[in-house]
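What follows is a short report on a single structure.
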Amino acid sequence: MGITFPRFGTSHVAIGNLLKWMGHDVIKPPDITEKTISLGTKNSPELACFPLKITTGSFIEALDSGADSILMAGGVGPCRFGYYGYLQKGALTQMGYKFDSFIIEPPSRHPKQAYHTIKSLKKKTPWHTVMKYVYIVLTKQKYIDKMHKLVLETAPKEVGEIKSFKLFNEFVQKVEPVREVKSLKEIYQHYADKLYKFQKVTPKVKIKLLGEIYLVCEPAANLYIEKKLAALGVEVQRTIYLGEWFDGHVVKDIIPILKEKETEKTAKSYLSQMVGGHGQETVAQTVQASQQGFDGVIQVYPFTCTPEILAQGIITKVSKDKKIPVLTLSMDEHSAQAGIDTRLEAFVDLIYQKKLQNERGEALWVMGS
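Using the working numbering, the first residue of the sequence shown is number 287, and each one after it goes up by one.
Here's what the structure looks like:
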């Protein structure tokens, strides 16, 4: 018996730690497989977002493994994410599962609800101890994110078999049980030194990966796009990391004076208002990519994701105006590895040839989804 939560990138380490330290038996969501996706698809609305289907499948597997509680985040705004927890609770209950549901709404919008949910989750742990634990797991997440950035920088520079991703998994396992910030720093430095020794050649091109948060951060959802691009000699810079997201969308939402307006300023001439999800960020980051010397941009998002579909239409214009190649990939349970790989290979080859020839034509460098 225990509590579970969605599989979402490397967040299972920080969330699992926090819940365990507060006295919960934790049942970690299993790795996402074809079975996970099949279970979620079968028990979700046909046109539901791909992340909802995946997380529903994860919950079913965790409940079958003995979980009796589910932790899920809520949300506000045009994005449908805010409905996930409630929809999943209803669907799983109809399937006959009995469990407690904890849905944490954004503290900046629903402070009382968030407070009472966290109060229930913390059990008898004093509030000051909870804050200490939050600091440790958030620091841990940031070190994991920092290591991942270094991996994406290193992998395309390796000669022969790529070892960076395997080393990253080893690093994550090593830091998972750690409860001291000092030790986290030491472990990070040890593995960073190993990665630096792998860097031998210059990457062919540099691409910015952006779009909807779940598909950007969860490898199983984006069909391991980072590994594929690294094998093609591409240095990838991901635009969303969970530690940075928490700072920007939780902490700074609670304390508005800390909130940065860079996204709104950058996107203003193309999209002047928030449209839900990461739509405005996608537009802003595409503009920034053209200013920062990137060779191309890849947008990934779930099929039917309204904010990203809207952004896709706008970054087509950005691509033409700024002369930066853009590839958009909408994904769902029907997406096939071979098809995605073929499109990635063609896109990388196209921008590599463009880079070699240094052409500055007026062609529209966009490959639609």
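Glycine included, each C-beta is placed from N, C-alpha and C at the ideal position.
7 Å Cβ shell around residue i - same chain, five flanking residues per side excluded
i: residue 500; result: 294, 337 and 507
i: residue 489; result: 442, 443, 519, 520 and 521
i: residue 425; result: 467 and 470
i: residue 575; result: 494, 583 and 610
i: residue 593; result: 364, 365, 561, 562, 563, 564 and 565
i: residue 454; result: 433, 434 and 437
i: residue 621; result: 509
i: residue 395; result: 362
Length of the line joining the Cα atoms of residue i and residue j
i: residue 615; j: residue 587; result: 7 Å
i: residue 474; j: residue 553; result: 35 Å
i: residue 650; j: residue 585; result: Confidence in residue 650 is poor, its pLDDT being 48 and thus under 50, which makes the residue's placement unreliable; the coordinate value appears in the next sentence. Between residue 650 and residue 585, the C-alpha separation is close to 16 Å.
i: residue 569; j: residue 590; result: 18 Å
i: residue 456; j: residue 476; result: 12 Å
i: residue 549; j: residue 435; result: 21 Å
i: residue 560; j: residue 547; result: 12 Å
i: residue 407; j: residue 327; result: 29 Å
i: residue 511; j: residue 320; result: 17 Å
i: residue 513; j: residue 398; result: 42 Å
i: residue 351; j: residue 555; result: 50 Å
i: residue 641; j: residue 581; result: 7 Å
i: residue 329; j: residue 377; result: 7 Å
i: residue 302; j: residue 458; result: 13 Å
i: residue 347; j: residue 288; result: 13 Å
i: residue 417; j: residue 460; result: 23 Å
i: residue 386; j: residue 536; result: 24 Å
i: residue 374; j: residue 323; result: 14 Å
i: residue 599; j: residue 413; result: 46 Å
i: residue 291; j: residue 349; result: 10 Å
i: residue 491; j: residue 357; result: 40 Å
i: residue 419; j: residue 601; result: 40 Å
i: residue 440; j: residue 384; result: 46 Å
i: residue 595; j: residue 624; result: 23 Å
i: residue 579; j: residue 340; result: 35 Å
Classification of residue i by the beta-carbon crowding that lies within 10 angstroms, buried from 16 upward
i: residue 498; result: buried
i: residue 632; result: exposed
i: residue 380; result: exposed
i: residue 423; result: buried
i: residue 298; result: buried
i: residue 467; result: exposed
i: residue 415; result: exposed
i: residue 429; result: buried
i: residue 509; result: buried
i: residue 344; result: buried
i: residue 643; result: exposed
i: residue 605; result: buried
i: residue 648; result: Confidence is the limiting factor: at residue 648 the pLDDT is only 48, short of 50, which leaves the residue's position unreliable, though a coordinate-based value still follows. By the 10 Å Cβ count, residue 648 comes out exposed.
i: residue 573; result: buried
i: residue 333; result: exposed
i: residue 472; result: exposed
i: residue 300; result: buried
i: residue 355; result: buried
i: residue 530; result: exposed
i: residue 400; result: buried
i: residue 405; result: exposed
i: residue 371; result: buried
i: residue 421; result: exposed
i: residue 463; result: exposed
i: residue 392; result: buried
Own chain partners of residue i with C-beta closer than 6 Å, once the 5 adjacent residues on each side are dropped
i: residue 403; result: 388 and 390
i: residue 525; result: 496 and 571
i: residue 361; result: 367 and 368
Extent of the continuous alpha helix (DSSP H) to which residue i belongs
i: residue 309; result: Segment: none, residue 309 is in no alpha helix (DSSP H) and carries neither H nor E.
i: residue 450; result: 450-461
i: residue 416; result: 413-440
i: residue 330; result: Residue 330 -> no alpha helix (DSSP H), and no H or E assigned at all.
i: residue 512; result: 511-517
i: residue 469; result: 467-482
i: residue 401; result: 397-408
N- and C-terminal bounds of the beta strand (DSSP E) containing residue i
i: residue 523; result: 520-524
i: residue 587; result: 582-588
i: residue 362; result: Neither: residue 362 is in no beta strand (DSSP E) and is coded neither H nor E.
i: residue 557; result: Note, residue 557: premise wrong, no beta strand (DSSP E); not H, not E.
i: residue 617; result: 612-617
i: residue 497; result: 491-497
i: residue 625; result: Taken as a continuous stretch (DSSP letters only), residue 625 belongs to no beta strand (DSSP E), being part of the alpha helix (DSSP H) at 623-643.
i: residue 288; result: 288-290
i: residue 387; result: 386-390
Residues near residue i by beta carbon distance below 8 Å, same chain, minus five either side
i: residue 532; result: 424 and 427
i: residue 446; result: none
i: residue 305; result: 289, 291, 312, 357 and 407
Below-8 Å beta-carbon distance, residue i vs any chain C residue
i: residue 489; result: Although the question refers to chain C, the structure presented lacks it and comprises just one protein chain.
Any non-hydrogen atom of the ligand ZN within 7 Å of residue i CB
i: residue 305; result: Within the structure as shown, the ligand ZN is missing, as the structure has no ligands at all.
Any contact between the segment 445-453 and the segment 482-497? By contact I mean 3 or more CB pairs, one from each, below 8 Å. Here the segment 445-453 lies against the segment 482-497, with 3 or more beta-carbon pairs under 8 Å apart.
With a cut-off of 8 Å, do at least 3 Cβ pairs link the segment 556-571 to the segment 311-323? no
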